[in-house]
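Residue numbers (the numbering used here): 21 to 91.
By construction, the Cβ of each residue, glycine as well, lies at the ideal position given by its N, Cα and C atoms.
Note that the coordinates shown come from a computational prediction; the quantities given were computed from them, not determined experimentally.
I have placed the structure first, in the form of structure tokens, so that the comments after it can refer back to it.
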């Protein structure tokens, strides 16, 4: 285990920030930071939207080749 040493004033600032975040999260309702569960169909929709068409893929590959060839 490594030990990290920081100045006390920096520690106090981090402690105050942590306290602030804790207060914010306690006040937020569970619906504000809910977990979404996706159906397999919805996941497929995300995957399809994330795919590149052939023309765009070729343009990007060409651009990358020119960048690799540049000094």
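For residue i, three-class secondary structure by DSSP
i: residue 71; result: coil
i: residue 26; result: coil
i: residue 56; result: coil
i: residue 90; result: coil
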